[in-house]
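The sequence shown runs 1 to 231 under UniProt numbering. We treat Cβ as the ideally placed atom computed from N, Cα and C, and that holds for glycine. The structure presented is a predicted model; accordingly, all values stated were derived computationally and were not measured. Quick notes on the structure that follows.
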Amino acid sequence: MSGSTDIDKDDFALAGEYALHLLDAKERAAFEQRLLNEPALRAALREWDEDFATMANEFEPVSPPDHLKAKIELDMFAANTPSHGVSAHFWSLRRFIASAVAVAALVMIGFYSYNLNRFSPTQVADMITADESLFIHAGYQDGDDELHFIRHKGTTGEGRSLELWLIPAGETVAVSLGVIPEQERGVMPLAAEHAAAIKGGTLAISDEPFGGSPTGQATGPVLVVTPITDL
1 MSGSTDIDKD DFALAGEYAL HLLDAKERAA FEQRLLNEPA LRAALREWDE DFATMANEFE
61 PVSPPDHLKA KIELDMFAAN TPSHGVSAHF WSLRRFIASA VAVAALVMIG FYSYNLNRFS
121 PTQVADMITA DESLFIHAGY QDGDDELHFI RHKGTTGEGR SLELWLIPAG ETVAVSLGVI
181 PEQERGVMPL AAEHAAAIKG GTLAISDEPF GGSPTGQATG PVLVVTPITD L
């Protein structure tokens, strides 16, 4: 992990905590608001995500013994007290490894789900809300004119729609990719200019009136912001 040269070390570490889902709901919401306006922060988060994706691809699938379940849960959720003199944005090695494995597992869930349909994405994004009530995995294959998605968890409120937005690399203005269909998995068509901006871009989901935003910009709360990473 080299670290981004355009961001200070605490913000880079904060991006790592976000990637590993170590922030609480309030901290995640504040970080996601910054992601909308800070391209350098999005680049740092993308660097973390791509490193974890590389790690996931190096894992050999195994079936762990049943007795390890309790120990894994204990290690992952045990209270952790930071060492004196260390920035609050750094974590213990045990917590880091456990969380990294968890994130890598999420990447592999999406990867193997796509392989079942003989689709090989070149860019992916795992969009998970702070309270984990919504989890949508998106994948794009270079040269395609559509975005594949898998809704692992979550539904849309009555009379509401979830709208997907793309923030191109280096930009702060989001463009709508349309309303996310209600089914568990499917595809969303992409205009040529949007497909060209997928690589290095960022996806966001907002809660909108039924049918999508009437203004062309997000009018409801932004639920999650996730950089698109290369596989």
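- Using beta-carbon positions only, say whether V224 and I150 come within less than 8 Å of one another. no
- Item | Secondary structure of K9, DSSP reduced to three states | helix
- Message: Only counting the same chain, and skipping five residues up and downstream in sequence, which positions put a Cβ closer than 6 Å to that of A79?
- Response: Any reading at A79 is ruled out, since the residue's pLDDT is 44, under 50, leaving its predicted position unreliable.
- Query: Of all the CB atoms in chain C, is at least one closer than 8 Å to the CB of E146?
  - Reply: The question asks about chain C, but that chain is absent: this structure has only one protein chain.
- Query: Whose C-beta lies closer than 7 Å to the C-beta of R42 among residues of the same chain, with five residues either side of it excluded?
  - Reply: L35, T202, P227
- the ligand PLP heavy atom lying under 7 Å from the CB of T155: With respect to the ligand PLP, the structure shown offers nothing to examine, as it has no ligands at all.
- Task: May I have the straight-line CA-CA distance separating P82 from I136, to the nearest angstrom?
- Result: Its pLDDT being 46, under 50, P82 is placed unreliably in this model, and the coordinates cannot settle the point.
- Message: Quick check on the DSSP output: the alpha helix (DSSP H) that includes residue 232 runs from which residue to which?
- Response: With the chain covering only 1 through 231, there is no way to say anything about residue 232.
- Item | Alpha-carbon to alpha-carbon, E50 and E32 | 18 Å
- Task: Enumerate, from N- to C-terminal direction, the unbroken alpha helix (DSSP H) stretches of 4 or more residues contained entirely within the UniProt domain "Anti-sigma K factor RskA C-terminal" (98 to 222).
- Result: 192 to 196
- Rounded to whole angstroms, what's the CA-CA distance from T155 to G211? Just pull it up for me. 15 Å
- Does the beta-carbon of P209 have 16 or more other beta-carbons within 10 angstroms, so that it is buried, or is it exposed? exposed
- Message: Relative to the C-alpha of D207, which candidate in P214, T215, T219 has its C-alpha closest?
- Response: T219
- Please work out which residues of its chain come closer than 7 Å, Cβ to Cβ, to H194, disregarding the five sequence neighbours upstream and downstream, and give them in chain order. L166, V175, L177
- Query: Leaving out five residues before and five after G216 in sequence, what residues of the same chain have Cβ atoms less than 8 Å from its Cβ?
  - Reply: S176
- Closest to I180 by CA distance: which of E27, L14, A204 is it? A204
- Quick one, are the C-beta atoms of L190 and T122 less than 8 Å apart? no
- Task: Check whether the Cβ atoms of A53 and A15 sit closer than 8 Å, and answer yes or no.
- Result: no
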